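Down below is the structure, laid out as structure tokens.
In my numbering, the protein residues as written are 1027 to 1248.
Shown next, in the form of structure tokens:
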């Protein structure tokens, strides 16, 4: 992971909000032989007694299921919008261009759920993403038994207790104020993901450049 202190988000609640806002994660691992496996799945986040737990489900008897049965060590990667940042937008353009992005990595051991726990999870899962609409025909308890009895044996639920959590919120924090504001302006012009990155940069402007405090670029030289 890109490991510079000025690109790290230090507020835990901001990180958890980011995960909640971008729940479709990359789940990666490997078999004991070293074969890499990966899949993309939606994740539910829970805090219990100060610990963070991540829950999801994958297809049974697939390469990733078999690999995690052998080797439970797992990594979840949550990503948000990203954007190209041209060095031509800096006050000193004679340097490399870059990419702004936000990413959270969580690692831990995968534990598979019992059939009963899987049913409880699917109730929470469908209700959450249906935004609490108990009348929706697609939430677990409203599905016909003929469908549930066929599909449930084909999936396996899991829970991962977060053992390590890292993040990169790379948002041009190492640039002077003039460059920073120009980057925001250029990204806003592009819209889409670039516009979303610009909004994230705006949120951090007052903390990076407090009124009356001279910007110190020396701390970013390393």
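Where a beta carbon is used, it is the ideal one built from N, C-alpha and C, also for glycine.
Keep in mind it's a predicted model, so treat the numbers as computed, not measured.
N- and C-terminal bounds of the alpha helix (DSSP H) containing residue 1048 | No alpha helix (DSSP H) contains residue 1048, which DSSP labels as neither H nor E.
Give me the Cα-Cα distance between residue 1174 and residue 1060, rounded to the nearest whole angstrom.
-> 35 Å
In angstroms, rounded to a whole number, what distance separates the CA positions of residue 1120 and residue 1187?
-> 45 Å
Let me know the secondary structure DSSP gives residue 1200 once reduced to three states.
-> coil
For residue 1148, the first and last residue of its enclosing alpha helix (DSSP H) = 1141-1155
Three-state secondary structure (DSSP) of residue 1034 | coil
Within the same chain, show all residues whose beta-carbon is closer than 7 Å to that of residue 1032, passing over the 5 residues directly before and after it, in chain order.
-> 1199, 1200, 1246
State the DSSP-derived secondary structure class of residue 1088, mapped to helix, strand or coil.
-> coil
Is DSSP giving residue 1188 helix, strand or coil here?
-> coil
Give the single residue among 1184, 1081, 1128 whose Cα lies nearest to the Cα of residue 1104.
-> 1128
Candidates 1030, 1055, 1182, 1202: which alpha carbon is nearest residue 1233's?
-> 1202
Per DSSP, which residues does residue 1072 bridge with? Please list them.
-> 1079
Return the chain-ordered list of same chain residues with a C-beta closer than 6 Å to the C-beta of residue 1072, the five sequence neighbours on each side being excluded.
-> 1079
Euclidean distance between Cα positions of residue 1106 and residue 1044 = 8 Å
Hey, out of 1206, 1056, 1070, whose CA is closest to residue 1091's CA?
-> 1056
Find out if the Cβ-Cβ distance for the pair residue 1226, residue 1207 is shorter than 8 Å.
-> no
Beta-carbon proximity list for residue 1028, same chain, < 7 Å, skipping 5 on both sides = 1194, 1196
DSSP three-state assignment for residue 1235, whether helix, strand or coil = coil
Inter-residue CB distance, residue 1138 and residue 1184 (contact presumed, cutoff 8 Å) = 5 Å
How many angstroms separate the CA atom of residue 1123 from the CA atom of residue 1192?
-> 24 Å
Cα-Cα separation between residue 1118 and residue 1230, rounded to whole angstroms = 22 Å
Among 1213, 1190, 1051, the one whose alpha carbon lies nearest that of residue 1077 | 1190
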